[in-house]
Amino acid sequence: MSDGRVYQALAYYPPFTAEQPWRMITSAFLHSQSSIFHLLFNMFTLFIFGRALELPLGRARFIALYLISALGGSVAVLLLAPQSVVIGASGAVFGLAAAFFVIQRRMGVNNRLLLIVLAANLVIGFIPGSGISWQAHLGGLITGAVLALVFLRQRNKPSANPEIALVALVVAALISLTLVRIFVL
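Quick note: the sequence shown uses the working numbering, first residue 212, plus one each step.
Next comes the structure, spelled out in structure tokens:
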């Protein structure tokens, strides 16, 4: 399958959501070939926050954080820019950064610099012609922050069941927003 056909088959295009919902996740594993700088920035950010989060969260929570943040980015695109085509890991990466911010904040770490970097990168998406989806950034950011709060709330609890239920609730909320947008709005 040629690169163009792979992108066409896996990119997220909201009008196809009802027929091909997997695109809400698969799009996070693609990236624009025209923006090597954006790809490098996402990979560098993934490297930084991935290393900082995977060890304390554990592999399962980290993977859940990444995938659900990607889903949150896609849901935001569906709600806020339903005619756009989106590819890239930015929603997931913003989710990781938001989770890192929330966890650091809870630990009492002064992370104003991270807040400035996040805000600057969010603003870049609003620049006309940037080709960056601020909607995916915003959705991933919100989702990652919510998941971090769930993980922190359940930290050191004897049972994982409440945490699993809360994470499932976040996923159910994202799916519900998707269904409402597709079938009601």
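Think of the CB as a built atom: it goes at the ideal place given N, C-alpha and C, for glycine as much as any other residue.
The structure presented is a predicted model; accordingly, all values stated were derived computationally and were not measured.
Mapping DSSP to helix, strand and coil, what is residue i?
i    : result
L326 : helix
Y223 : strand
V297 : strand
Q315 : helix
T228 : coil
N321 : coil
G404 : The structure shown does not extend to residue 404, since the chain spans only 212 to 396, so no value can be given for it.
M212 : Any reading at M212 needs caution, since the residue's pLDDT is 48, under 50, leaving its predicted position unreliable; the model's value is listed next. Three-state result, M212: coil.
A275 : helix
What residue range does the alpha helix (DSSP H) around residue i cover?
i    : result
F362 : 345-364
S387 : 372-394
I338 : Segment: none, I338 is in no alpha helix (DSSP H) and carries neither H nor E.
Between the options, which lies nearest to residue i when the distance is taken from Cα to Cα?
i    : options                : result
V304 : A371, L289, G355       : G355
A330 : P226, R216, A309       : A309
I259 : L385, L325, P369, F362 : L325
L266 : L388, F311, N372, G342 : F311
Quick check: the Cα distance between residue i and residue j, rounded to an integer number of angstroms?
i    : j    : result
V357 : G302 : 14 Å
E230 : Y223 : 12 Å
M212 : L221 : Bear in mind that a pLDDT of 48 at M212, under 50, signals an unreliable position, so the model cannot answer this.
M235 : F273 : 18 Å
S243 : P369 : 43 Å
L257 : G306 : 10 Å
G350 : L268 : 21 Å
A384 : L377 : 10 Å
A263 : R270 : 12 Å
P232 : F248 : 29 Å
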